[in-house]
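Take a look at the structure set out below.
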Amino acid sequence: MKTTTEEPVQPAGWKQWFATHGSRLLLFARQQTRTAEDAEDVLQESMLRLWRSGMIEMTEDGVTEPSLAAAFTHIRRSAIDQARKNIRRANREAKALDSDEPGDVVWFQDTLEADERAAQIEKAIQGLPDYYKEVIILKIWGELTFEQIAETLDIPMNTAASRYRYALEKLRRTLTPAKLS
65 MKTTTEEPVQ
75 PAGWKQWFAT
85 HGSRLLLFAR
95 QQTRTAEDAE
105 DVLQESMLRL
115 WRSGMIEMTE
125 DGVTEPSLAA
135 AFTHIRRSAI
145 DQARKNIRRA
155 NREAKALDSD
165 EPGDVVWFQD
175 TLEADERAAQ
185 IEKAIQGLPD
195 YYKEVIILKI
205 WGELTFEQIA
215 ETLDIPMNTA
225 ASRYRYALEK
235 LRRTLTPAKL
245 S
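Taking my numbering, the leading residue of the sequence shown gets 65, the next gets one more, and so forth.
Structure follows, in structure tokens:
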């Protein structure tokens, strides 16, 4: 007979429980998500939620373990939450990409009126190819290293560095001193 308790799960019992049920939980998570990576993220998030929720059961031999039904419920809810996040992110990105007006995306934080030079630089950055633009943004505004940029974009570190150099060169050619004054 099982009863619900608020006691924390015993680590050994938890590990054994996950070793026993982990593959079927991952299979369920894969059915709820679009990619295997998303399924693993959802499974991890749902296991954390389950651990924190206290929804565990005491078995006849006194070992506490999570409720399997609760685990599936947490997986389903985590998958729904992740899908909502992905949809919101995709909508934000699409809105930013579809924006034709330079003022829609704030590139510089100005406390004064719009500076002409900042507007020229912003226009020049927007004119860069996307693969240059994302490296410039991550390097300058994101303050990432080339190693972090490479990891973020899933490209070699030297490619990230060369894209940054080429982007700066294109910006230099576009923003000659005569055009800045």
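The beta carbon of each residue, even a glycine, is placed where N, CA and C say it ideally should be. Model, not experiment: these values are computed from the prediction.
Length of the line joining the Cα atoms of residue i and residue j
{"i": "valine 73", "j": "arginine 152", "result": "The predicted model places valine 73 with a pLDDT of 48, which falls under 50 and marks its position as unreliable; any figure quoted below should be read in that light. One C-alpha to the other measures close to 35 Å."}
{"i": "aspartate 145", "j": "isoleucine 185", "result": "38 Å"}
{"i": "phenylalanine 113", "j": "arginine 229", "result": "The sequence as given places arginine at residue 113; phenylalanine does not occur at that position. So the two alpha carbons sit approximately 44 Å from each other."}
{"i": "aspartate 102", "j": "arginine 88", "result": "16 Å"}
{"i": "glutamine 80", "j": "leucine 91", "result": "18 Å"}
{"i": "isoleucine 204", "j": "alanine 147", "result": "30 Å"}
{"i": "tryptophan 78", "j": "threonine 209", "result": "39 Å"}
{"i": "aspartate 218", "j": "alanine 225", "result": "13 Å"}
{"i": "glycine 206", "j": "glutamate 180", "result": "23 Å"}
{"i": "lysine 149", "j": "aspartate 162", "result": "20 Å"}
With 16 other Cβ atoms within 10 Å as the buried cut-off, status of residue i
{"i": "glycine 130", "result": "Here the sequence assigns proline to residue 130, which means glycine is not the residue at that position. Flag for proline 130 reads buried."}
{"i": "serine 142", "result": "buried"}
{"i": "threonine 45", "result": "Absent from the model: residue 45. The displayed extent of the chain is 65 to 245, so no value can be given."}
{"i": "alanine 93", "result": "buried"}
{"i": "leucine 192", "result": "buried"}
{"i": "alanine 214", "result": "buried"}
Contact under 8 Å by Cβ, residue i with residue j
{"i": "alanine 231", "j": "isoleucine 200", "result": "yes"}
{"i": "glutamate 211", "j": "methionine 221", "result": "yes"}
{"i": "arginine 227", "j": "tyrosine 195", "result": "yes"}
{"i": "tyrosine 188", "j": "threonine 238", "result": "As written in the sequence, residue 188 is alanine, which differs from the tyrosine given in the question. Yes; because the gap between Cβ atoms is below 8 Å, this pair is in contact."}
{"i": "leucine 202", "j": "threonine 223", "result": "no"}
Own chain, CB closer than 6 Å to residue i, minus 5 neighbours either side, in chain order
{"i": "lysine 243", "result": "Because lysine 243 sits at a pLDDT of 48, beneath the cut-off of 50, its placement in the model cannot be relied upon, and the following sentence gives the value as read from the coordinates. Cβ within range, chain order: n/a, list empty."}
{"i": "phenylalanine 108", "result": "Before going on, a small fix: residue 108 reads as glutamine here, not phenylalanine. Nothing listed; no residue qualifies."}
{"i": "serine 110", "result": "His138, Ile139, Ser142"}
{"i": "aspartate 105", "result": "none"}
{"i": "alanine 83", "result": "none"}
8 Å Cβ shell around residue i - same chain, five flanking residues per side excluded
{"i": "histidine 85", "result": "Leu132, Ala135"}
{"i": "lysine 197", "result": "Ile189, Gln190, Ala231"}
{"i": "serine 117", "result": "Ala134, His138"}
{"i": "alanine 100", "result": "Arg94"}
Query raised in the report: What are the start and end residues of each continuous beta strand (DSSP E) run of 3 or more residues lying completely inside the stretch 72-106, in chain order?
Result: Runs of beta strand (DSSP E) with 3 or more residues, each lying fully within the stretch 72-106, are absent.
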